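S.K.: Quick one: this structure, given as structure tokens, is what I'll be asking you about.
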Amino acid sequence: MADVMPPNMLNERPRTPAGLLSNREKDRLIERGFLGLYRWYTARSQETRNWNPDRSFDWRSLNKNLPPEVITVLEGFFAVEQYAPDFTSNLVHLVRRSHGRSHFQLRWGSEEEKHADAWENAVLFSGQRSPQWVEEYKDRLKSQTWELPFPDAIHNLVYTVFQERATQLNYLNMMKIAQGRSEKPHLKGVSDPVLAKVAQTIAVDEAAHYNFFLEGVRMYLYYYPEQTLRAIKNVISQFSMPAAQLVPNWEHFFETVYRAGIYGPRDFQRDVMQVAFRNLGIESRKALEEGIRKTREVPDFDGGNFKTTAIWDTFDYGAVEGDVRRLHVKIQDYEKEIGFDAIDPTEFIENPEVPRTGSSAADD
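The working numbering numbers the first residue of the sequence shown as 1 and each following residue consecutively.
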């Protein structure tokens with residue numbers, strides 16, 4: 001699965017000792033997991049989040065006296081989401097040979113497109129930007145093209161975990177402002193139920209996206225722990241929000257977001273990185289970097305030891321295994337509902353590579 005696995009990993013794969021899963025089999029298991037997850041996700045999104053950016057909100061009632069800082073933030077949200085076609089097409093092309101991932105990216109793109117339309121409506125119905133201004137701004141945005149932040153699939157998958165969580169946090173904090181719950185003096189008294197509902201609705205979508213990508217990273221972490229941990233380290237060392245280099249006046253937008261208490265470096269550390277680490281069984285950034293450093297000091301396979309010998313102390317592998325098992329139970333329950341279990345069931349296959357030293361979280 002060359003379009004799913006990072007090219008450098010494909011070229012550097014070691015020989016597979018007897019008794020361990022081959023890399024081809026690991027790839028097959030990950031692909032089946034993605035396919036089952038995609039089918040489950042699509043059914044659930046259609047049942048619980050089938051909203052419309054025009055009809056689901058009372059746009060005529062949007063507050064026409066929102067402070068300039070809020071309008072600046074809405075413009076920024078609208079601008080970033082304008083690159084949904086680029087986000088989608090580039091990611092689909094990268095994973096086009098994976099049924100589950102490529103089809104999910106199409107589904108994801110259709111949901112991101114709704115976000116773009118909803119934030120555009122918010123800017124228009126605020127009454128503080130004319131339709132002509134919005135059209136000219138869109139033309140300016142679309143004169144540039146967003147490119148993938150990383151060249152391979154595993155790094156971009158990891159990136160989307162952190163990016164989706166950060167985006168969700170932005171929208172949740174905008175919801176708090178619109179609900180009149182801001183602690184910032186210049187935003188006290190701001191209240192707009194329509195804007196609060198918009199921000200909350202989109203934040204729920206972003207949470208669903210985060211969970212999908214998180215499940216994908218867990219599968220990679222389970223079957224390819226060393227490579228995945230290194231990808232996580234690389235991503236967080238150079239993380240930035242999408243389109244930061246493309247949106248006009250980004251620095252002003254980011255400063256406004258920071259001053260409004262919506263998002264900043266501390267929020268990324270505390271509410272994005274640490275949340276994702278906890279969900280992935282990683283204790284801390286320091287533990288991650290130290291574990292990778294120690295792993296590099298272990299003799300490689302040709303020297304008589306596996307390179308992954310020291311990696312097991314870097315994260316809670318038992319917790320990750322338990323999460324991957326639970327994902328497969330969810331997929332299997334869904335397949336039973338529609339009859340796939342009798343035709344082509346998804347099965348969980350244990351990775352025998354991990355050292356077994358007794359009970360683990362996966363047995364709970």
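Don't be surprised by glycine CBs; every beta carbon is placed ideally from N, CA and C. As the structure is a prediction and not an experimental result, all values here were calculated from the model.
Tell me where the alpha helix (DSSP H) around Asp271 begins and ends.
M.R.: Premise fails: Asp271 is in no alpha helix (DSSP H) and is neither H nor E.
S.K.: Quick check: the Cα distance between Leu246 and Glu75, rounded to an integer number of angstroms?
M.R.: For Leu246 and Glu75, the distance between alpha carbons rounds to 14 Å.
S.K.: Contact check, Thr228 vs Val235 under 8 Å by CB: the rounded distance?
M.R.: Actually they do not touch by this definition, with Cβ atoms about 11 Å apart.
S.K.: Out of curiosity, what's the CA-to-CA distance linking Phe213 and Leu157?
M.R.: Straight-line Cα distance between these residues: approximately 7 Å.
S.K.: Taking buried to mean at least 16 other C-beta atoms within 10 Å of its own C-beta, is Glu136 buried or exposed?
M.R.: By the 10 Å Cβ count, Glu136 comes out exposed.
S.K.: Quick one: using the 10 Å Cβ neighbour count with 16 as the cut-off for buried, is Asp205 buried or exposed?
M.R.: By the neighbour-count rule (16 or more Cβ atoms within 10 Å), Asp205 is buried.
S.K.: Within 7 Å: the Cβ of Gly291 and any heavy atom of the ligand PLP?
M.R.: With respect to the ligand PLP, the structure shown offers nothing to examine, as it has no ligands at all.
S.K.: Would the stretch 170-179 and the stretch 189-196 be scored as touching if the rule is three or more Cβ pairs under 8 Å?
M.R.: Touching, per the Cβ criterion.
S.K.: Have a look at Ala342, Gln200 and Ala153 and flag the residue whose alpha-carbon is nearest the alpha-carbon of Ser56.
M.R.: With distances taken between Cα atoms, Ser56 lies closest to Gln200.
S.K.: If we call anything under 8 Å between Cβ atoms a contact, is Gln82 one with Leu124?
M.R.: Not in contact: Gln82 and Leu124 (Cβ atoms no closer than 8 Å).
S.K.: Which partner residues does Ile282 have in the DSSP bridge list?
M.R.: DSSP output for Ile282 lists Phe315 as bridge partner(s).
S.K.: Below 8 Å between beta carbons: does that hold for Asp86 and Thr160?
M.R.: Result no, Cβ atoms of Asp86 and Thr160 do not sit closer than 8 Å.
S.K.: Take Gln365 as the anchor and find which of Phe348, Gly33, Leu169 and Arg96 has the nearest alpha-carbon.
M.R.: There is simply no residue 365 to check, as the chain begins at 1 and stops at 364 in what is shown.
S.K.: Mind checking Gly36: buried by the 16 CB within 10 Å criterion, or exposed?
M.R.: Buried, since its Cβ has 16 or more Cβ neighbours within 10 Å.
S.K.: Give the C-beta separation of Leu280 and Phe239 to the nearest angstrom, bearing in mind that I take them to be a contact with Cβ-Cβ under 8 Å.
M.R.: Wrong, their Cβ atoms sit about 15 Å apart, outside the cutoff.
S.K.: Span of the alpha helix (DSSP H) holding Ile177?
M.R.: Counting along the chain, the alpha helix (DSSP H) containing Ile177 begins and ends at Ala153 to Ala178.
S.K.: Can you name, in chain order, every residue of its own chain whose Cβ lies under 6 Å from the Cβ of Glu350, other than the five neighbours on each side?
M.R.: Contacts found: none.
S.K.: Leaving out five residues before and five after Glu25 in sequence, what residues of the same chain have Cβ atoms less than 8 Å from its Cβ?
M.R.: Cβ within range, chain order: Ile349.
S.K.: Output needed for Ala243: all residues of its chain with C-beta closer than 6 Å, excluding positions within five of it in sequence on either side, in chain order.
M.R.: Cβ within range, chain order: Val80, Tyr83 and Trp146.
S.K.: Let me confirm a value: Gln163 is counted as buried when at least 16 other C-beta atoms fall within 10 Å, else exposed. Which label applies?
M.R.: So Gln163 ends up on the buried side.
S.K.: With 16 other CB atoms within 10 Å as the buried threshold, where does Pro345 fall?
M.R.: Pro345 comes out exposed.
S.K.: Does DSSP put Pro131 in a helix, in a strand, or in coil?
M.R.: Three-state DSSP puts Pro131 in a helix.
S.K.: What number of angstroms, rounded off, separates the C-alpha of Asn90 from the C-alpha of His99?
M.R.: Each residue's alpha carbon lies about 16 Å from the other.
S.K.: Do you know how far the Cα of Arg296 is from the Cα of Gly303?
M.R.: Here Gly303 scores only 47 on pLDDT, less than 50, and its place in the model is too uncertain to base an answer on.
S.K.: What are the uninterrupted segments assigned as alpha helix (DSSP H) that are 4 or more residues long and contained completely in the stretch 210-238, given in chain order?
M.R.: Listed in chain order, the complete alpha helix (DSSP H) runs (minimum 4 residues) inside the stretch 210-238 are 225-237.
S.K.: Over the uninterrupted alpha helix (DSSP H) stretch that includes Lys26, give me the two end residues.
M.R.: Asn23 to Thr48 is the extent of the alpha helix (DSSP H) around Lys26.
S.K.: For a quick check, are the C-beta atoms of Arg96 and Thr42 less than 8 Å apart?
M.R.: Taking 8 Å as the Cβ cut-off, Arg96 and Thr42 do not qualify as a contacting pair.
S.K.: In this structure, how does DSSP classify Gly303 when only helix, strand and coil are distinguished?
M.R.: Unreliable placement is indicated for Gly303, whose pLDDT of 47 sits below 50; the coordinate value is still reported in the next sentence. Residue state, collapsed to three classes: helix.
S.K.: Considering only residues of the same chain and omitting the five flanking positions on each side of Leu172, which have a CB-CB separation below 8 Å?
M.R.: So the list reads Ala199, Gln200 and Ala203, once near-sequence residues are dropped.
S.K.: Identify which residue in Trp51, Thr48, Asn52 and Leu66 has its Cα closest to the Cα of Leu195.
M.R.: Residue Leu66 is the option with its Cα nearest to Leu195.
S.K.: Since Phe104 contacts Tyr210 with CB under 8 Å, what's their CB separation in whole angstroms?
M.R.: No, Phe104 and Tyr210 are not in contact; Cβ-Cβ is about 13 Å, not under 8 Å.
S.K.: Please state whether DSSP places Asp341 in a helix, a strand or coil.
M.R.: Three-state result, Asp341: helix.
S.K.: Does the Cβ of Lys336 have 16 or more other Cβ atoms within 10 Å, making it buried, or fewer, making it exposed?
M.R.: Exposed.
S.K.: For Asp54, tell me which candidate among Ala122, Phe277 and Ser110 has the shortest Cα-Cα distance.
M.R.: For the residues Ala122, Phe277 and Ser110, the minimum Cα distance to Asp54 belongs to Ala122.
S.K.: Got a sec? Which residues, its chain only, sit under 8 Å from Ser182 by beta carbon, not counting five neighbours each side?
M.R.: For Ser182, where only same-chain residues beyond five positions count, the Cβ hits under 8 Å are Lys176, Lys188, Val190, Ala260 and Gly261.
S.K.: Would you kindly work out how many angstroms separate the C-alpha atoms of Thr48 and Leu21, rounded to a whole number?
M.R.: Straight-line Cα distance between these residues: approximately 38 Å.
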